[in-house]
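Each remark here refers to the structure printed beneath this line.
2 protein chains.
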Amino acid sequence: MEKQTITIYDVAREANVSMATVSRVVNGNPNVKPATRKKVLDVIDQLDYRPNAVARGLASKKTTTVGVIIPDVTNLYFSSLARGIDDIATMYKYNIILANSDQNNHKEIQVLNTLLSKQVDGIIYMGNNVTEELRNEIVRSKTPIVLAGTIDSDQEVGSVNIDYKTASKEAVEVLIANGHKNIAFITGSLKNTFASDLRLEGYKEALELAGIPYNEKNIFEIPLNYQAGETVVERVLAANLTAAIVTDDEVAIGLLNGLSDKSVKVPDDFELIASNNSKLTKMSRPVLSTIAPPLYDIGAVSMRLLTKIMNKEDINEMSITLPYKLELRQTTK
Amino acid sequence: MEKQTITIYDVAREANVSMATVSRVVNGNPNVKPATRKKVLDVIDQLDYRPNAVARGLASKKTTTVGVIIPDVTNLYFSSLARGIDDIATMYKYNIILANSDQNNHKEIQVLNTLLSKQVDGIIYMGNNVTEELRNEIVRSKTPIVLAGTIDSDQEVGSVNIDYKTASKEAVEVLIANGHKNIAFITGSLKNTFASDLRLEGYKEALELAGIPYNEKNIFEIPLNYQAGETVVERVLAANLTAAIVTDDEVAIGLLNGLSDKSVKVPDDFELIASNNSKLTKMSRPVLSTIAPPLYDIGAVSMRLLTKIMNKEDINEMSITLPYKLELRQTTK
DNA sequence: ATGAAAGCGCTAACAC
DNA sequence: GTGTTAGCGCTTTCAT
Chain A
1 MEKQTITIYD VAREANVSMA TVSRVVNGNP NVKPATRKKV LDVIDQLDYR
51 PNAVARGLAS KKTTTVGVII PDVTNLYFSS LARGIDDIAT MYKYNIILAN
101 SDQNNHKEIQ VLNTLLSKQV DGIIYMGNNV TEELRNEIVR SKTPIVLAGT
151 IDSDQEVGSV NIDYKTASKE AVEVLIANGH KNIAFITGSL KNTFASDLRL
201 EGYKEALELA GIPYNEKNIF EIPLNYQAGE TVVERVLAAN LTAAIVTDDE
251 VAIGLLNGLS DKSVKVPDDF ELIASNNSKL TKMSRPVLST IAPPLYDIGA
301 VSMRLLTKIM NKEDINEMSI TLPYKLELRQ TTK
Chain B
1 MEKQTITIYD VAREANVSMA TVSRVVNGNP NVKPATRKKV LDVIDQLDYR
51 PNAVARGLAS KKTTTVGVII PDVTNLYFSS LARGIDDIAT MYKYNIILAN
101 SDQNNHKEIQ VLNTLLSKQV DGIIYMGNNV TEELRNEIVR SKTPIVLAGT
151 IDSDQEVGSV NIDYKTASKE AVEVLIANGH KNIAFITGSL KNTFASDLRL
201 EGYKEALELA GIPYNEKNIF EIPLNYQAGE TVVERVLAAN LTAAIVTDDE
251 VAIGLLNGLS DKSVKVPDDF ELIASNNSKL TKMSRPVLST IAPPLYDIGA
301 VSMRLLTKIM NKEDINEMSI TLPYKLELRQ TTK
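Line by line, the protein sequences are chains A and B.
Sequence positions in the first sequence follow the numbering used here and run 1 to 333.
Sequence positions in the second sequence follow the numbering used here and run 1 to 333.
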């Protein structure tokens, strides 16, 4: 015996109405007499009818699902955004197709294409940078998109961020105010890392304002993982640096632990500031000082913005900048 | 000008073949003459045709998407599984609809229903326990499901786990061997926490084998988050306990940090073992000893199992038990 | 307030 | 090897 799917047609027959009427009650269309509505609802209940979203999607050209491109779910920065995205999506009756991209341009294109073929109503992209090719594909598809925690020069597409440059500048200023002149800037590859150029600008600006010469040797481009943070310690120490601003939380914890392994006292002998305020930053000893972007909100606001675009609502500003905080905890004096 | 979607029909017309032929080449059906295949492929390229997966789903009754119910993407234990799931899903050309459930039974049912209405080909469930209601819904839907890192009494449904009981027992035995008699068992609510009963059994068994009387006061049911771990320290210390096995990594780090805040030396004065080996466990000082389930693999194998079920392949064993390790690092002697 | 009918873009017999 | 045709389950005019 095969699974016998019951359709809107079955409901219509049992309730002695037309498919159209059933469709109306299922979709909450007010143009139905309360009595018939009840009758239909009863039959739906009795038959245990469940609307087929695929058929609906084909007929209406709306799937109520959005695609989410994420570098890696396992990265707390991105998963925090993803949580905000999903919550708001759920609130607006959307589902999320999540796809890991590993920041790999090829995978991104591929993922984008399968999302488009699945007829997602919109896309939220998280990643470091939108390549030319990706942008073209997106534009051509005419599918609404918003970049969550991702900077793009194109002001036409939606995006939600904080002011990375100023945040970075302020963080460095704290370090300078605490007496440091030799401050490391630790990031992933400057070419491919999310907002690293803006952050670097902020770093430079702070130095300049303080009259401290910029030294390229103080910039460390390393892989963005915990291990790399632990490892870079030696180079940082060898360069006689006494403070650091770190663009990634895992790296920051790695650095912190590496420092303590070498008996360097934080914050007495070395100060550092992380950049994302993922929950990791609260799990170290000493507790990490950090720039604190509203992670969940960046995701939530992104999704909200996307719903507006999908609804063709008027939008004042496509590039939203959310406020951040500077959480000075125990890795700064 | 509206977005003019290009359909299989357009391609057929331009290539002077029938829709069926286009469908064949799109689906890699071998019954097409190479020459016509090329012709069709050229037209597809030229027209930039993209198959509509929704239409295909309606016609074929397969959506090549699976639903993934996750308590919280932001939890590294689950997101690690999710990563394994997505990778294998991608490998088998499936996409993932991810939905956060917050372990909330009501949300779970709701999520399950929307997944079913979206006609997912299968479901992967992560969570603490499958409630009666949830199980009924699942069974009724006849949609293939597998439980990833989730125990269920029902041996009919697919599931992938490690032997939590034995793992727990072995971990406790290590603690006992190191001279401890007063060992805390720290978990979430015993009623609702994933495998906590099995783990507790293992704990009891180890004590019994060592002739150590079981004391209910040594069981701590606390919320599963970092903060709760930090907080429980006081109670643990007050109870004169000298070691702990902790079912959650965040809690374990919290405990460890709380201990160090009270100047309790780990592992000299206190030993502890975490249970999940999420990447958190490597980020503490001292580095956490832990039971090490193959997180990624649990996800990957779950998805692989699901593909088999969806394909109606023969399956020897629905309940898969994967091997684990015991990683004794720095929080044990 | 309700119904009839066309069609969304594709797959899957079946025929040739 | 290729074409014809009938749906898949629903939404959406357009009538009434």
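In this text, a Cβ means the ideal position worked out from N, Cα and C, and glycines have one as well.
query                                                                                                                                                            : result
Put Asn16/B into one of helix, strand or coil per three-state DSSP.                                                                                              : coil
Anyone know if the C-beta pair for Ala53/B and Met303/B falls short of 9 Å?                                                                                      : no
Any idea what DSSP makes of Ile6/B, helix, strand or coil?                                                                                                       : coil
Output the distance between the C-alpha atoms of Glu334/A and Gly202/A, rounded to the nearest integer angstrom.                                                 : What the structure shows of chain A is the stretch from 1 to 333, and residue 334/A is not part of that stretch, so it cannot be assessed.
Applying the criterion that 16 or more other CB atoms from any shown protein chain within 10 Å of the CB defines a buried residue, is Arg56/B buried or exposed? : buried
Tell me which residues share the same chain as Gly158/A and place their Cβ nearer than 8 Å to its Cβ, disregarding the 5 neighbours each side in the sequence.   : Pro144, Ile145, Val146, Leu147, Ser302, Leu305, Leu306, Ile309, Ile315, Met318, Ser319 and Ile320
Measuring straight from C-alpha to C-alpha, what distance separates Asp197/A and Ile123/A?                                                                       : 25 Å
Suppose contacts are defined by Cβ-Cβ distances below 9 Å. Is Ile219/B in contact with Thr193/B by that definition?                                              : no
Round the Cβ separation of Val111/A and Ile69/A to the nearest angstrom and send it over; I've been treating them as touching at under 8 Å.                      : 6 Å
Helix, strand or coil for Glu133/B per DSSP?                                                                                                                     : helix
What residues of chain A sit near Tyr226/B, judged by a beta carbon separation below 8 Å?                                                                        : Lys279, Lys282 and Met283
The alpha helix (DSSP H) spanning Tyr94/B covers which residue range?                                                                                            : Taken as a continuous stretch (DSSP letters only), Tyr94/B belongs to no alpha helix (DSSP H), as it is neither H nor E.
Counting only the same chain and skipping the five closest in sequence on each side, list residues whose C-beta sits under 7 Å from that of Val66/B.             : Ala89, Tyr94, Ile96, Val120, Asp121, Gly122, Ile123, Ile124 and Leu306
Kindly list, in the order they appear in chain B, the residues whose Cβ is closer than 9 Å to that of Val301/A.                                                  : Those do not exist, as Val301/A stays about 17 Å from chain B at its closest Cβ, beyond 9 Å.
Look at the alpha carbon of Glu327/B and the alpha carbon of Met283/A, and state the distance between them as a whole number of angstroms.                       : 21 Å
Is the segment 3 to 23 of chain B close to the segment 41 to 51 of chain B, with three or more CB pairs under 8 Å?                                               : yes
Take Tyr226/B as the anchor and find which of Asp261/B, Pro286/B and Asp248/B has the nearest alpha-carbon.                                                      : Asp248/B
Thinking Leu256/B and Val266/B are a contact (beta carbons under 8 Å), I'd like their distance in whole angstroms, please.                                       : 6 Å
How big is the Cα-Cα spacing for Arg285/A and Val264/A?                                                                                                          : 13 Å
So which residues on chain A does Gln4/B lean against when the C-beta distance must stay under 8 Å?                                                              : Per Cβ cutoff of 8 Å: no residues; Gln4/B is ~10 Å from chain A at best.
Would Lys262/B count as contacting chain A if we go by Cβ distances under 9 Å?                                                                                   : no
I'd like to know whether the C-beta atoms of Asn128/B and Gln155/B end up nearer to each other than 9 Å.                                                         : no
Just checking my contact of Thr299/A with Leu76/A at CB under 8 Å: how many whole Å lie between their CB atoms?                                                  : Reading off the sequence, residue 299/A comes out as Gly, not Thr. That belief does not hold up - the Cβ atoms of Gly299/A and Leu76/A are roughly 12 Å apart, past 8 Å.
Against chain B, with Cβ distances strictly below 9 Å, would Asp297/A count as a contact?                                                                        : no
Taking just the CA atoms, how far does Asp269/A sit from Ala216/A?                                                                                               : Reading the sequence as shown, one finds Glu at residue 216/A and not Ala. Taking the straight line joining both Cα atoms gives about 22 Å.
If you reduce the DSSP assignment to three classes, tell me which class Met1/A lands in.                                                                         : Below a pLDDT of 50, predicted positions are generally treated as unreliable, and Met1/A, at 45, falls in that range; no measurement from the model is reported.
In whole angstroms, what separates the C-alpha of Gln330/A from that of Leu288/A?                                                                                : 6 Å
If the cut-off is 7 Å on Cβ atoms, which residues from the segment 28 to 57 of chain A count as contacting chain B, listed in chain order?                       : Arg50, Pro51, Asn52, Ala53, Val54, Ala55 and Gly57
If we call anything under 9 Å between Cβ atoms a contact, is Tyr164/B one with Arg199/B?                                                                         : yes
Does the CB of Thr114/B have a neighbour CB from chain A at under 9 Å?                                                                                           : yes
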